[in-house]
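Peer 1:
Numbering (our numbering), first residue to last: 2 to 419.
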């Protein structure tokens, strides 16, 4: 019997949406046996596993809705994530070699890559992905003798946890990863952000029929709004230049976008996801909340993150020496003082399942490569448990409840190395 779970950050449509560009761009195929269906089941082959181990490329699907159904998913926060052009307009170029490398890294298909290379409007792409989900909202699929559907919801009152319903339902809540989707960050296409257009697009998203719950303000590249942390490594980092906007804070337009998202008129506030923001931008956001919303409890969210194990960005010391050397200390990960802030705000910390973020190279190496599936899962689970335990111990030392903020934020199908 599967164990029901909630995942704070996944990308079920990433590959299916990409594959739709080969035949009918943006059409979510109701036939779950087709690659352009969000229900298409694609477990890894031996070749897929070898490619994943050798080069950290994850071409197989991880969070299609058939896999979610088989795994017992109950509520999933799906990330609408317009692919940034710098992912597919790399140092390798936009011809065959560049396209092959981009497809190896993303698994979305050459036709999708060609589309992203040529497009000049991120917002239209966002709306197309939103509609991709809406098309099969409530569509029923038979899996292993049982009927399943997904239902997009805007609030907890729409979630029915009755396990005896004739159709098993996976509840879907929308989030966004990267404010470039408001149509900014297109400098490489020779255009700068139009503030009026960007702010109008924020308003349009806040009026969606299916409500947006939270969003990350930045992703991997400069979007003219908010600075990002370094996030890419290995072969992908060699091909993609993240330097523009790296480690910067908020721009003037970024502050306007932030205020509009947090505006709670008609109860339509969109919460902010801290993931991918630079340390400078995160600290600016914390001060902003203290100064402009001192009497409001606005939760701090990390949709998919990991810890550094260090006290703070200004004090790079380890308070618990039993954890020394366990964690990845790049500043895309979060410091102990931030964990305390998140807990005090009533927020959540989604722990991602990417081993490149969860542990230091030494710690990941110590988990080994095991032919036994059982042993492999046991060893790799230690990386996740280390995160859960560290957060609990930090909170306990600082008089906070130890077990309230940790949750799953797998980032499955977001190019993670599981």
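Cβ atoms here follow ideal geometry from the backbone N, Cα and C, with glycine treated the same way.
All of these numbers come straight from a predicted model, not from anything done at the bench.
Considering Cα atoms alone, identify which of 338, 324, 398 and 401 is closest to residue 363.
Peer 2: 324
Peer 1: Taking residue 156 as the reference, give the member of 167, 164, 146 and 172 with the closest Cα.
Peer 2: 172
Peer 1: Name, in chain order, the residues that DSSP records as bridge partners for residue 117.
Peer 2: Per DSSP, none; premise fails for residue 117.
Peer 1: Starting from residue 171 and walking both ways along the alpha helix (DSSP H), at which residues does that stretch end?
Peer 2: It is not in any alpha helix (DSSP H) - residue 171 instead sits in the beta strand (DSSP E) that spans 169 to 178.
Peer 1: Jot down the residue ranges of each uninterrupted beta strand (DSSP E) in the region 295 to 349, minimum 3 residues, whole runs only, in chain order.
Peer 2: 302 to 306
Peer 1: Do residue 340 and residue 395 count as a contact pair if the criterion is CB distance below 9 Å?
Peer 2: yes
Peer 1: If you follow the alpha helix (DSSP H) that residue 380 is in, where does it begin and where does it stop?
Peer 2: 374 to 398
Peer 1: Does the region 303 to 323 come close enough to the region 346 to 364 to have 3 or more Cβ pairs within less than 8 Å?
Peer 2: yes
Peer 1: Does DSSP classify residue 281 as helix, strand or coil?
Peer 2: Helix at residue 281.
Peer 1: Check whether the region 218 to 231 touches the region 136 to 148, taking contact to mean three or more Cβ pairs, one atom from each stretch, closer than 8 Å.
Peer 2: no
Peer 1: Which residues does DSSP list as the beta-bridge partners of residue 266?
Peer 2: Answer is none; residue 266 lacks a bridge partner.
Peer 1: Please work out which residues of its chain come closer than 8 Å, Cβ to Cβ, to residue 98, disregarding the five sequence neighbours upstream and downstream, and give them in chain order.
Peer 2: The predicted position of residue 98 is uncertain, since its pLDDT is 47 and thus under 50; a value taken from the coordinates is nonetheless stated next. Around residue 98: no qualifying Cβ.
Peer 1: Would residue 215 pass as a contact of residue 274 if the rule is Cβ separation under 9 Å?
Peer 2: yes
Peer 1: Between which residues of its own chain and residue 62 is the CB-CB distance below 6 Å, once the five residues before and five after are set aside?
Peer 2: Contacts found: 16 and 43.
Peer 1: List the endpoints of the continuous beta strand (DSSP E) containing residue 274.
Peer 2: 272 to 274
Peer 1: Beta strand (DSSP E) containing residue 402: first to last residue?
Peer 2: No beta strand (DSSP E) contains residue 402, which DSSP labels as neither H nor E.
Peer 1: What does residue 215 pair with, by DSSP beta-bridge criteria?
Peer 2: Answer is 176 and 272.
Peer 1: Cα-Cα, which of 36, 41 and 60 is closest to residue 47?
Peer 2: 60
Peer 1: At the level of alpha carbons, what is the spacing between residue 4 and residue 132?
Peer 2: 30 Å
Peer 1: Using DSSP with H/G/I as helix, E/B as strand and the rest coil, what is residue 98?
Peer 2: For residue 98, the pLDDT reaches just 47, beneath the cut-off of 50, and the residue's location in the model is therefore unreliable, leaving the point undetermined.
Peer 1: So for residue 109, helix, strand or coil by DSSP?
Peer 2: Per DSSP, reduced to three states, the secondary structure at residue 109 is coil, with no helix or strand assignment.
Peer 1: Using the C-alpha atoms, what's the distance from residue 410 back to residue 283?
Peer 2: 19 Å
Peer 1: Using a 10 Å radius around the Cβ and a threshold of 16 neighbouring Cβ atoms, would you call residue 300 buried or exposed?
Peer 2: exposed
Peer 1: Anyone know if the C-beta pair for residue 333 and residue 276 falls short of 9 Å?
Peer 2: yes
Peer 1: Among 258, 151 and 22, which residue has its Cα nearest to the Cα of residue 79?
Peer 2: 151
Peer 1: What are the partner residues of residue 244, as DSSP defines its beta bridges?
Peer 2: Looking at the DSSP assignment, residue 244 forms no beta bridge with any residue, so it has no partner.
Peer 1: In the structure shown, what three-state DSSP assignment does residue 251 receive?
Peer 2: Secondary structure of residue 251 (DSSP, three-state): strand.
Peer 1: Does the Cβ of residue 205 have 16 or more other Cβ atoms within 10 Å, making it buried, or fewer, making it exposed?
Peer 2: exposed
Peer 1: Is residue 238 helix, strand or coil by DSSP?
Peer 2: helix
Peer 1: Whose CA, out of 174, 201, 278 and 213, lies closest to the CA of residue 231?
Peer 2: 278
Peer 1: Distance check for residue 148 and residue 169, CA to CA, integer angstroms please.
Peer 2: The alpha-carbon atoms of residue 169 and residue 148 are separated by roughly 6 Å.
Peer 1: I believe residue 124 touches residue 183 by the beta-carbon criterion, under 8 Å. Please report the beta-carbon distance rounded to the nearest angstrom.
Peer 2: Between residue 183 and residue 124 the Cβ distance is about 6 Å, and since that is below 8 Å, they are a contact.
Peer 1: For residue 20, I'd like the list of residues in its chain whose CB is within less than 6 Å of its CB, leaving aside the five on either flank, ordered along the chain.
Peer 2: 36, 37 and 110
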